[in-house]
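In what follows, a single structure is set out as structure tokens and then discussed.
Residue numbers (this note's numbering): 8 to 256.
Below, the structure written as structure tokens:
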């Protein structure tokens with residue numbers, strides 16, 4: 008992939024009549040929760056353009072809302088009394104979505120999963136989002152979950168935040184008013200239904216595997232796999248290249 012060199016029709020890699028196996032089967036938007044309200048208008052326009060094209064092709068869409076721990080103080084257990092009070096962020100709601108708590112079972116499900124048709128050898132997802140949203144880290148989290156380890160790296164966290172002693176409490180994520188507001192804001196901004204938006208968190212300061220971080224990401228991935236598989240099943244009986252692409256040329 009070369010962002011400064013778009014694929015052209017004369018490229019040997021260009022497929023003029025893609026079959027179902029060549030297609031993207033689910034579009035995943037990756038949006039940072041702490042930047043939703045301040046994203047540049049041009050970035051939003053580009054995101055919507057890609058989403059519109061996916062919609063024309065009937066491709067299902069999901070949204071991974073990253074960096075939830077930075078968007079809501081409620082997802083942290085604060086042990087520092089010097090933190091500023093944030094009234095909205097401290098409010099909780101009745102839990103509106105359950106959090107799966109057995110990541111091992113979800114890993115097993117994904118490892119054993121088989122696409123619904125032999126026409127497709129593997130499901131393909133396209134991740135898109137603004138710079139710094141966490142697209143690369145999404146791949147890394149999934150890879151590390153399946154390998155059962157944290158990458159061996161040294162993290163020197165931001166020094167201006169070093170005095171804040173916090174412990175992540177992701178069990179509160181679906182009780183946080185702020186997180187639900189961010190999900191609603193994402194939905195309003197990009198037109199993706201709430202039930203297709205999944206707040207997830209990156210590994211950052213953790214030195215050991217965290218079941219809640221894994222559970223949130225695996226749950227989002229499983230829903231994405233199901234949507235992609237439904238798309239494949241829906242279009243496996245007819246010629247995609249003729250029926251879907253002619254109206255966007």
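Quick reminder that beta carbons are idealized off the backbone N, C-alpha and C, glycines included.
Restricting to Cα atoms, I'd like to know which of the options is closest to residue i.
{"i": "residue 37", "options": "193, 217, 232 and 124", "result": "193"}
{"i": "residue 228", "options": "148, 49 and 75", "result": "148"}
{"i": "residue 187", "options": "30, 32, 12 and 40", "result": "40"}
{"i": "residue 180", "options": "12, 18, 30 and 75", "result": "75"}
{"i": "residue 234", "options": "150, 68 and 42", "result": "68"}
{"i": "residue 242", "options": "114, 102, 30 and 12", "result": "30"}
{"i": "residue 138", "options": "51, 114, 202 and 113", "result": "51"}
{"i": "residue 145", "options": "119, 206, 107 and 109", "result": "206"}
{"i": "residue 217", "options": "118, 120 and 108", "result": "108"}
{"i": "residue 209", "options": "65, 24, 44 and 78", "result": "78"}
{"i": "residue 62", "options": "150, 35 and 110", "result": "35"}
{"i": "residue 257", "options": "64, 59 and 226", "result": "The requested residue 257 is not part of the displayed model; the chain covers only 8 to 256."}
{"i": "residue 46", "options": "196, 230, 60 and 23", "result": "196"}
{"i": "residue 198", "options": "66, 59, 110 and 212", "result": "59"}
{"i": "residue 201", "options": "211, 230 and 214", "result": "230"}
{"i": "residue 155", "options": "23, 43 and 111", "result": "111"}
{"i": "residue 43", "options": "151, 117, 18 and 140", "result": "140"}
Could you give the first and the last residue of the continuous alpha helix (DSSP H) run that contains residue i?
{"i": "residue 233", "result": "218 to 242"}
{"i": "residue 148", "result": "142 to 154"}
{"i": "residue 62", "result": "48 to 63"}
{"i": "residue 116", "result": "110 to 119"}
{"i": "residue 197", "result": "184 to 197"}
Taking residue i as part of the beta strand (DSSP E), name the residues at either end of that continuous run.
{"i": "residue 206", "result": "204 to 206"}
{"i": "residue 38", "result": "33 to 39"}
{"i": "residue 73", "result": "68 to 73"}
{"i": "residue 14", "result": "No beta strand (DSSP E) contains residue 14, which DSSP labels as neither H nor E."}
{"i": "residue 211", "result": "Residue 211 -> no beta strand (DSSP E), and no H or E assigned at all."}
{"i": "residue 133", "result": "132 to 135"}
Excluding the 5 residues flanking residue i on each side, which residues of the same chain have their C-beta closer than 8 Å to its C-beta?
{"i": "residue 14", "result": "20 and 21"}
{"i": "residue 142", "result": "37, 134, 135 and 136"}
{"i": "residue 99", "result": "81, 179, 182, 183 and 184"}
{"i": "residue 239", "result": "27, 32, 122, 123, 124, 126, 127 and 130"}
{"i": "residue 49", "result": "none"}
{"i": "residue 132", "result": "31, 32, 33, 34, 35, 231 and 235"}
{"i": "residue 226", "result": "106, 107, 113 and 205"}
Give every residue of the same chain whose Cβ lies closer than 7 Å to the Cβ of residue i, excluding the five residues on either side of it in the sequence, and list them in chain order.
{"i": "residue 236", "result": "122, 123 and 130"}
{"i": "residue 102", "result": "181 and 182"}
{"i": "residue 204", "result": "70, 72, 190, 193 and 194"}
{"i": "residue 257", "result": "Summary: the structure shown does not reach residue 257, with the chain confined to residues 8 through 256, and so no result is reported for it."}
{"i": "residue 11", "result": "none"}
{"i": "residue 153", "result": "114"}
{"i": "residue 120", "result": "232"}
{"i": "residue 116", "result": "229"}
Here's a check: name, in chain order, each residue in its chain whose Cβ is nearer than 6 Å to the Cβ of residue i, leaving out the five neighbours to either side.
{"i": "residue 16", "result": "none"}
- prompt: Contact between the stretch 47 to 56 and the stretch 211 to 225: three or more CB pairs below 8 Å?
  reply: Pairwise C-beta distances place the stretch 47 to 56 out of contact with the stretch 211 to 225, as fewer than three of them are shorter than 8 Å.
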